[in-house]
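Sequence lines, in order, name chains A, B and C. Mapped onto my numbering, the consecutive letters of the first sequence carry residue numbers 5 to 290. Mapped onto my numbering, the consecutive letters of the second sequence carry residue numbers 81 to 832. Mapped onto my numbering, the consecutive letters of the third sequence carry residue numbers 21 to 173. Virtual Cβ for every residue (Gly too), placed ideally from N, Cα, C. All remarks here apply to the structure that follows.
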Amino acid sequence: MSWHAPRNLDEALALLAERPGLVPFAGGTDLMVGRQTPACGRQYLSLARLTVLRGVRETASGVAIGALTTMTEIGCHPYVCRDLPALAASARATGAIAIQNRATLAGNIMNGSPAADNPPALLAYGAEVVLMSAAGSRRVPYEDFHGGYKQTVCRPGEILTEILVPVPPPGARHYFRKVGARRAQAISKVSLAALLVGRPGSWECVRFGFASVAPIPILARTLAVAITGSDRGLPDDAELAIALSRDIMPRDDIRSTADYRRRVAMNLVREALAPWTRQGGSNASA
Amino acid sequence: MHDDDRSGAVPFKEAPLRKDGTEKVRGTARYIADVRYPGMLYGATLRTRLPGGTVVSIDFDENIAWDEYVVVTAKDIPGVNAVKMIEQDQPVLVEAQYRHAGEPVMLVAHRDPQALGTALAAIRIEERACDEGPVFTIEEALRPMTRQIVAGNVYRDYCMEKGSVARALGEPCHVFEGEYQTGAQEHLYIEPQGMIARVEEGVLTVEGSLQCPYYVHAALVSMTGLSADQVRVLQCATGGAFGGKEEYPSHIACHAALLSLKAGGRPVALIYQRAEDMAVTPKRHPSRTRVRLGADGNGRLRFIDIDFVIDGGAYLTLSPVVLSRGMIHAAGPYRCDHVRVRGRAVATSHPPFGAFRGFGAPQSIFALETAMDGLARTLGMPPEVLRARNVLVPGDLSPAGQGIEGPLDMHRVMEEALEASQYHAKVARCRQWNAQGQASRRGMGIATFYHGAGFTGNGELALRSRAGLRVSAGGLVEILTSTTEMGQGMQTTLSEIVAEALQIPYEGVCVARPDTRDVPNSGPTVASRTCMVVGRILAQAAYKLIARLRAGAALPSAYDYDEFCAACARLHASGDVATVMADYQHPVDSQWDESTFQGSPYRSFAWACYVAEVEVDTTTGEARVLDFTAVQEVGRVVHPTVAAGQIEGGVVQGIGYALFEEVHFGTDGQMANNRVTNYIIPTSADVPPIRVLFQESRAGAGPGGAAGIGELPMDGPAPAIINAINAALGTEIRHVPAMPEHILAAMDRGHL
Amino acid sequence: MTVSCRFTVNGSPVYGHFAPMRRLLDVVRAECGLTATKEGCGEGECGSCAVLLDGALVNSCLVPIAEVDGREVTTLEGLRTDDPLFAAFAASGGTQCGICTPGMIMAARALLNDCPHPDLSEIRRALSGNLCRCTGYTGIYAAIRAAAGQGGE
């Protein structure tokens with residue numbers, strides 16, 4: 005057991021280069037729950053003093069969110085609420101207030117849970133993450149970030165420092181819905197965030213990010229292709245369901261069943277597309 | 081949405097302040113985890129892992145300094161190796177054979193709680209499985225050629241019969257039949273269970289989180305072989321119980337006592353982590369109920385035929401009593417000449433199921449009240465009309481053959497519930513809403529039911545409860561009772577009753593700490609009996625006290641509090657005894673036949689009609705209670721805030737039972753979702769406005785005509801909510817919890 | 021290993037060497053002797069251990085003591101003794117068994133600090149991380165509204 009609390013980012017990256025096994029500790033809301041598991045001999049790297057990693061700023065192309073920005077800050081931040089309402093909604097749906105005051109966006113990503121609340125919105129918005137090490141930094145599209153269950157492409161010596169989210173054009177439909185066991189303080193059974201820009205026949209952007217329907221949070225690419233590839237309006241439900249079934253791999257577990265997840269995932273897709281199925285083109289927002 | 085959450089409740093300003101309110105809001109109330117003694121050791125329990133088998137051997141890793149630890153096995157038990165309950169079938173510690181996973185085998189204690197983990201990992205219990213596989217469901221238990229936990233896997237097989245269902249079956253009438261299931265329910269009191277045992281001045285002293293001090297006392301006496309006065313049990317502030325701290329505290333107390341005795345009397349704390357608490361302590365019995373109802377064309381019930389089975393788990397514990405209570409309530413508050421209720425408690429390989437608020441009645445009432453809606457559909461009759469046509473009125477005989485006496489008016493209870501919930505208008509509004517093709521469907525559901533107060537039949541006679549009062553020279557009256565405060569407000573209610581009987585201010589009364597050395601055995605704190613039974617005994621004690629003060633201390637016939645205090649001072653000065661005791665008096669006319677279940681099972685009932693308005697999201701199958709109305713006739717409301725709090729809390733537990741709370745069992749038969757994260761109880765975001773309304777007939781057997789209300793609110797929400805869902809969707813859901821997964825599947829069957 | 025930490029609890033300075041991953045909950049209860057803060061689940065789910073950390077509501081079972089260095093902790097014992105929440109919770113059915121009450125009052129205090137006159141939906145959201153098994157929450161809403169000076173009449 006050891007604990008390192010570097011005072012700045014350079015010091016943190018130097019430490020990490022020296023001891024790549026250090027586990028970065030952000031809000032701790034996941035790490036503390038597992039602290040008595042066999043991994044408790046761990047060595048931790050506290051990020052608490054790295055204030056530079058906290059906060060939301062506007063960039064030329066979007067919104068940059070520091071790794072240590074908490075759910076509370078994201079959920080009520082004016083830029084996020086204005087430009088990325090699905091992400092603001094997912095932050096507000098993460099745990100409850102006491103969790104949101106500690107839990108960070110990077111922590112929610114790095115924990116790697118397939119049921120995490122914010123990844124669907126990041127997938128829908130086409131976010132990128134910045135990984136930094138003593139040797140330099142690189143940007144990785146978030147949709148390529150999780151290699152497998154609880155795995156990431158983050159290399160030894162790297163930490164996630166920032167999340168970059170491009171701002172969708174005006175008139176986009178932002179959709180987020182978390183289906184959990186209750187209305188607050190729940191782990192999702194299925195959740196979907198979607199960004200839809202354009203209209204049937206001339207889509208500019210169709211992105212569906214799911215949680216809890218596969219070993220990792222996933223971007224439903226086949227579904228998007230089925231929708232954008234159709235030049236005669238929206239595909240029918242059967243076609244959408246077939247496409248979706250190629251993207252997701254739901255399973256039975258203690259929180260729900262594969263069948264329920266499959267059906268509700270499809271129902272949520274329909275709900276996200278509702279403006280176009282009802283009137284053939286409106287621009288509702290989440 | 082209604083924001084006036086307390087509409088209907090009597091304004092709380094009139095009511096005196098809760099006795100335990102200040103210490104609880106200030107955080108100074110001492111729960112067991114807040115108690116510490118110098119040199120205290122911390123204990124832990126090693127358990128079986130297989131769902132029934134034999135412990136073959138126990139191996140200790142030699143690399144551990146075992147002399148630092150206190151280690152206890154069954155060999156260390158000085159008295160009877162059984163937890164004293166109805167039958168002595170459940171061992172305190174397993175010797176060889178056992179019946180379920182999670183049975184305690186060994187106990188270990190150490191000064192440093194961190195060192196316990198190391199020790200537990202260094203002990204290996206070798207187990208051999210039973211030849212036959214475990215049985216985990218009622219169906220499996222009753223199948224021939226399965227593992228016999230007890231003969232036929234049936235602990236008890238009872239029958240209650242009035243008239244002749246066989247004869248009624250031969251006559252033409254409309255019949256509805258259905259099979260209903262309810263799942264296990266975890267209490268999830270927010271304070272996990274725990275005990276501290278120590279030997280103080282030669283007396284084995286055990287304190288902790290518990291409901292029934294004398295149950296624990298009796299278990300300790302039996303297990304240690306000590307005499308009654310060598311064992312002392314005290315209650316700490318108890319962070320919720322709901323029945324969950326009725327039987328299991330005896331186990332933990334025995335374990336902590338064994339460790340302390342082995343450690344030469346040093347204090348040993350045995351406080352469960354949440355996961356252990358959820359895995360091993362009893363839960364509400366799962367049930368399967370077959371209901372067959374016959375009615376004439378006008379909806380008058382011709383017969384009620386019920387086959388009620390509960391899963392008792394691997395040991396008998398309290399199952400016979402839960403079964404009997406479930407059976408007595410199974411035919412509801414309805415007039416019917418031909419009633420048959422068969423009831424069985426079966427043995428399975430789960431940890432034993434146990435007491436939980438309602439005690440069998442929520443299970444059987446769920447079945448009947450959901451079936452009543454089924455019958456109403458069969459008859460093409462609105463469900464409230466069917467109920468109104470059949471509810472008991474004064475002059476009727478209940479299904480147990482008990483004469484119903486006035487001034488009870490169940491029709492008034494129903495009318496108020498329908499009116500307060502705007503039932504008829506909302507039924508019409510739901511119909512409109514559902515016709516609009518929205519992404520949700522709405523429905524109204526209703527349940528009518530009653531719940532008996534106190535022990536069944538001759539049970540109170542057998543208990544011979546006693547309670548008393550002690551006055552100080554300054555005129556402070558202390559209530560002496562083993563009845564415990566666990567949040568239900570007993571200190572407040574009993575203090576009010578005593579203050580009223582003595583005609584002194586509420587502030588002049590307090591409640592002594594439940595301590596078996598100081599308070600008499602007033603029976604267990606269960607069965608909605610505190611206000612009615614113990615309250616009545618205390619009122620008798622109060623009259624005795626007045627008589628003594630008049631006879632020995634010149635208390636005037638009319639007096640104010642100053643004169644009362646002066647008389648108390650004179651009583652003390654004269655050296656007269658300042659303590660009075662009173663005993664339970666059984667009514668001479670009360671008859672109960674335990675073999676036929678006929679007679680008067682309870683002296684008083686609380687009567688209720690609950691109405692739920694529910695919305696189901698057709699995208700996700702999520703059901704949400706939009707509004708809830710609970711109207712009950714409770715004899716008398718002693719303290720409005722306490723009474724309303726009991727109903728509101730019970731309703732929310734009932735909402736959880738109906739929609740959220742699902743116990744998953746692992747392949748070992750233990751609860752698999754034994755974390756607060758994975759066992760879902762309602763949060764503040766899930767709870768609808770709850771309208772609580774009381775009617776007071778003053779006809780209860782308790783002080784001022786009060787009955788008991790603690791369990792009542794657990795009975796009605798599940799059927800009202802499921803009836804509302806079925807009304808909304810046109811489905812036939814017949815089980816709880818009705819999870820979104822089930823509701824979506826049921827919608828398919830209903831072709832919605 | 022241990023780390024040295026200096027922080028305040030209810031205004032009083034605390035200095036000591038602690039195992040870094042030791043929970044703030046345990047330090048407050050065992051080292052400071054402040055037992056109003058309760059443990060209900062140990063995984064941030066029930067809210068019984070809620071305290072304020074630099075004024076923000078947190079579950080003290082999820083905060084390692086190393087992260088408390090240099091910060092201010094407020095437990096129930098550190099609220100103003102005349103905080104109207106105390107009387108309101110006692111009078112309005114806001115407490116039954118009492119085990120969730122300290123955490124509930126801390127959540128209510130955090131709410132009222134940000135939003136002195138919350139409506140019912142704000143109250144529901146603010147308490148949604150604090151489980152109560154006794155009251156059905158109704159008495160708690162009444163207490164908070166009474167304390168905020170807009171209910172109880």
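Review point. With M186 of chain B and V152 of chain B assumed to form a contact (beta carbons below 8 Å), what rounded beta-carbon distance in angstroms separates them?
Key: The sequence position of residue 186 of chain B within the second sequence is 106, counting from 1. The sequence position of residue 152 of chain B within the second sequence is 72, counting from 1. Sure, about 7 Å apart at Cβ, within 8 Å.
**Study point:** Buried or exposed (CB count within 10 angstroms, at least 16 for buried), G205 of chain A
**Key:** In the first sequence, counting from the first residue as 1, residue 205 of chain A sits at position 201. Classification for G205 of chain A: exposed.
**Study point:** E22 of chain A to A16 of chain A span [Cα, whole Å]
**Key:** Along the first sequence, read from residue 1 onward, the residue named residue 22 of chain A stands at position 18. Along the first sequence, read from residue 1 onward, the residue named residue 16 of chain A stands at position 12. Rounded to whole angstroms, E22 of chain A to A16 of chain A spans 10 Å at the Cα level.
Review point. With 16 as the cutoff for other CB atoms within 10 Å, does V157 of chain A come out buried or exposed?
Key: Here the question's residue 157 of chain A lines up with position 153 in the first sequence. Its Cβ having fewer than 16 others within 10 Å, V157 of chain A is exposed.
Exercise for review: Just tell me which of B:A201, B:S637, B:E558, B:G569 has its CA closest to the CA of E587 of chain B.
Suggested key: As a position in the second sequence, residue 587 of chain B is number 507, starting the count at 1. For the residues B:A201, B:S637, B:E558, B:G569, the minimum Cα distance to E587 of chain B belongs to B:E558.
Check your understanding: What are the boundary residues of the alpha helix (DSSP H) that includes F446 of chain B?
Key -> Here residue 446 of chain B refers to the residue found at position 366 of the second sequence. 441 to 459 is the span of the alpha helix (DSSP H), which, as asked, contains F446 of chain B.
Review point. Closer than 7 Å, CB to CB, is N79 of chain C near chain A or not?
Key: Within the third sequence, the letter at position 59 stands for residue 79 of chain C. At least one C-beta of chain A is nearer than 7 Å to the C-beta of N79 of chain C.
**Study point:** Boundaries (first-last residue) of the alpha helix (DSSP H) holding T572 of chain B
**Key:** For the purposes of this step, residue 572 of chain B is taken as residue 492 along the second sequence, with counting starting at 1. Unbroken alpha helix (DSSP H) run through T572 of chain B: 570 to 582.
Check your understanding: With DSSP run on the structure shown, which of helix, strand or coil describes D114 of chain B?
Key -> If you number the second sequence from 1, residue 114 of chain B lands on position 34. Reduced to three states, the DSSP call for D114 of chain B is helix.
Review point. If the cut is a Cβ gap below 7 Å, which residues of chain E does G67 of chain C touch?
Key: Among the protein chains of the structure shown, namely A, B and C, there is no chain E.
Check your understanding: Could you give the C-beta distance for L13 of chain A and L49 of chain A, rounded to a whole number, given that I count them as a contact under 8 Å?
Key -> As a first step, residue 13 of chain A is located in the first sequence; it is residue number 9 there, counting from the start. As a first step, residue 49 of chain A is located in the first sequence; it is residue number 45 there, counting from the start. Contact between L13 of chain A and L49 of chain A does not hold, since the beta-carbon distance rounds to 12 Å and is not under 8 Å.
Practice item. Take A176 of chain C and list the residues in its own chain whose beta-carbon comes closer than 8 Å to its own, dropping the five residues that flank it on each side. Key: For residue 176 of chain C there is no data in the structure shown, the boundaries of chain C being 21 and 173.
Exercise for review: List the residues of chain C that L268 of chain B touches, going by C-beta distances under 7 Å, in chain order.
Suggested key: As a first step, residue 268 of chain B must be located in the second sequence, where it is residue number 188. What L268 of chain B touches in chain C: R153.
Check your understanding: Can the beta-carbon of T121 of chain C be found closer than 7 Å to that of K363 of chain B?
Key -> Residue mapping note: residue 121 of chain C aligns to position 101 of the third sequence, counting from 1. Residue mapping note: residue 363 of chain B aligns to position 283 of the second sequence, counting from 1. No, these two residues do not count as a Cβ contact at 7 Å.
Review point. Under a Cβ-count criterion, where at least 16 other Cβ atoms within 10 Å of its own Cβ denotes burial, should S404 of chain B be classed as buried or exposed?
Key: One-based indexing of the second sequence puts residue 404 of chain B at position 324. That one is buried.
Review point. Hey, how far is the Cα of D240 of chain A from the Cα of E821 of chain B?
Key: In the first sequence, residue 240 of chain A corresponds to position 236, counting from 1. In the second sequence, residue 821 of chain B corresponds to position 741, counting from 1. As the crow flies, the alpha-carbon of D240 of chain A is around 24 Å from that of E821 of chain B.
Check your understanding: Any heavy atom of the ligand ADP closer than 6 Å to the Cβ of E65 of chain C?
Key -> The ligand ADP is absent from the structure shown, which contains no ligand whatsoever.
Exercise for review: Tell me, please, whether the stretch 123 to 134 of chain A touches the stretch 210 to 221 of chain A by the rule of three or more beta-carbon pairs shorter than 8 Å.
Suggested key: In this structure the stretch 123 to 134 of chain A lies against the stretch 210 to 221 of chain A, because at least three pairs of beta carbons, one per stretch, are closer than 8 Å.
**Study point:** Residue-chain proximity (S87 of chain B, chain C), Cβ-Cβ < 7 Å
**Key:** Translated into positions along the second sequence, residue 87 of chain B becomes position 7. Low local confidence applies: a pLDDT of 40 at S87 of chain B is under 50, so the model's placement there is unreliable, with the coordinate-based value given in what follows. So, not an interface residue.
Exercise for review: Drop a sphere of 10 angstroms on the beta-carbon of P96 of chain B, count the other beta-carbons inside from all chains shown, and report buried for 16 or more, exposed for fewer.
Suggested key: Residue 96 of chain B sits at position 16 when you count from the first residue of the second sequence. So P96 of chain B ends up on the buried side.
Check your understanding: Counting along the chain, where does the alpha helix (DSSP H) carrying A247 of chain A start and finish?
Key -> The count along the first sequence starts at 1 and reaches residue 247 of chain A at position 243. Segment 241 to 251, the alpha helix (DSSP H) holding A247 of chain A.
Check your understanding: Do we get a CB-CB distance below 7 Å when we pair R106 of chain A with the residues of chain C?
Key -> Indexing the first sequence from 1 puts residue 106 of chain A at position 102. Yes - at least one Cβ of chain C is within 7 Å of the one on R106 of chain A.
Review point. In whole angstroms, what separates the C-alpha of H297 of chain B from that of A110 of chain A?
Key: Taking the second sequence and counting its residues from 1, the one referred to as residue 297 of chain B is at position 217. Taking the first sequence and counting its residues from 1, the one referred to as residue 110 of chain A is at position 106. Whole-angstrom Cα-Cα distance: 54 Å.
Review point. What residues from the stretch 161 to 189 of chain A come within 7 Å of chain C, judged by C-beta to C-beta, listed N to C?
Key: Flagged, chain order: A188, Q189.
Check your understanding: Thinking just about the alpha-carbon of each residue, which of B:H331, B:T108, B:K242 is nearest to the one in Q170 of chain B?
Key -> Position 90 of the second sequence, counted from the first residue, corresponds to residue 170 of chain B. For Q170 of chain B, the nearest C-alpha among the options comes from B:H331.
Practice item. Would you tell me roughly how many angstroms separate the C-alpha atoms of R96 of chain A and F433 of chain B, rounded to the nearest one? Key: As a working note, residue 96 of chain A is residue 92 in the first sequence. As a working note, residue 433 of chain B is residue 353 in the second sequence. Looking at the backbone, the Cα of R96 of chain A and that of F433 of chain B are separated by about 38 Å.
Exercise for review: If I'm right that A647 of chain B touches A633 of chain B with Cβ under 8 Å, what's the distance once you round it to whole angstroms?
Suggested key: On the second sequence, position 567 is the one that residue 647 of chain B refers to. On the second sequence, position 553 is the one that residue 633 of chain B refers to. A633 of chain B and A647 of chain B do touch by the CB rule: their CB atoms are close to 4 Å apart, below 8 Å.
Point to revise | Spatial neighbours of G151 of chain A in its chain, beta-carbon cut-off 7 Å, leaving aside the 5 residues before and after | key: Stepping through the first sequence from its first residue, residue 151 of chain A is reached at position 147. V157.
Practice item. Could you spell out the range, first to last residue, of the beta strand (DSSP E) harbouring G33 of chain C? Key: Counting from one through the third sequence, the residue named residue 33 of chain C turns up at place 13. Inspection of the sequence shows that residue 33 of chain C is occupied by Pro rather than by Gly. Where P33 of chain C is concerned, the enclosing beta strand (DSSP E) stretches over 32 to 38.
Check your understanding: Does the stretch 541 to 551 of chain B come close enough to the stretch 661 to 668 of chain B that 3 or more CB-CB pairs lie under 8 Å?
Key -> The stretch 661 to 668 of chain B, when compared against the stretch 541 to 551 of chain B, does touch it at the 8 Å Cβ threshold.
Exercise for review: Just the C-alpha distance for A288 of chain A and R177 of chain A, rounded to the nearest angstrom, thanks.
Suggested key: Position 284 of the first sequence, counted from the start, is the residue given in the question as residue 288 of chain A. Position 173 of the first sequence, counted from the start, is the residue given in the question as residue 177 of chain A. With a pLDDT of 38 at A288 of chain A, under the threshold of 50, the predicted position of this residue should be treated as unreliable, though the coordinate-derived value follows. Taking the straight line joining both Cα atoms gives about 6 Å.
Check your understanding: In terms of alpha-carbon separation, which member of B:T811, B:C590, B:D766 lies closest to A190 of chain A?
Key -> Numbered from 1 along the first sequence, position 186 holds the residue referred to as residue 190 of chain A. The option with the nearest alpha carbon to A190 of chain A is B:D766.
Check your understanding: In angstroms, rounded to a whole number, what distance separates the CA positions of G156 of chain C and G730 of chain B?
Key -> Residue numbering aside, residue 156 of chain C sits at position 136 when the third sequence is read from its first letter. Residue numbering aside, residue 730 of chain B sits at position 650 when the second sequence is read from its first letter. Going from the Cα of G156 of chain C to the Cα of G730 of chain B covers about 7 Å.
Point to revise | Per-residue DSSP class, three states only, for M225 of chain B | key: The residue labelled residue 225 of chain B in the question sits at position 145 within the second sequence. Three-state result, M225 of chain B: coil.
Check your understanding: Going by the CB atoms, is the gap between A508 of chain B and V691 of chain B shorter than 7 Å?
Key -> For the purposes of this step, residue 691 of chain B is identified with residue 611 of the second sequence, where counting begins at 1. For the purposes of this step, residue 508 of chain B is identified with residue 428 of the second sequence, where counting begins at 1. Cβ distance not < 7 Å, so V691 of chain B and A508 of chain B don't count as in contact.
Check your understanding: Thinking C-beta only, is N803 of chain B closer than 7 Å to G525 of chain B?
Key -> Walking along the second sequence from the start, residue 525 of chain B turns up at place 445. Walking along the second sequence from the start, residue 803 of chain B turns up at place 723. Cβ atoms of G525 of chain B and N803 of chain B: closer than 7 Å.
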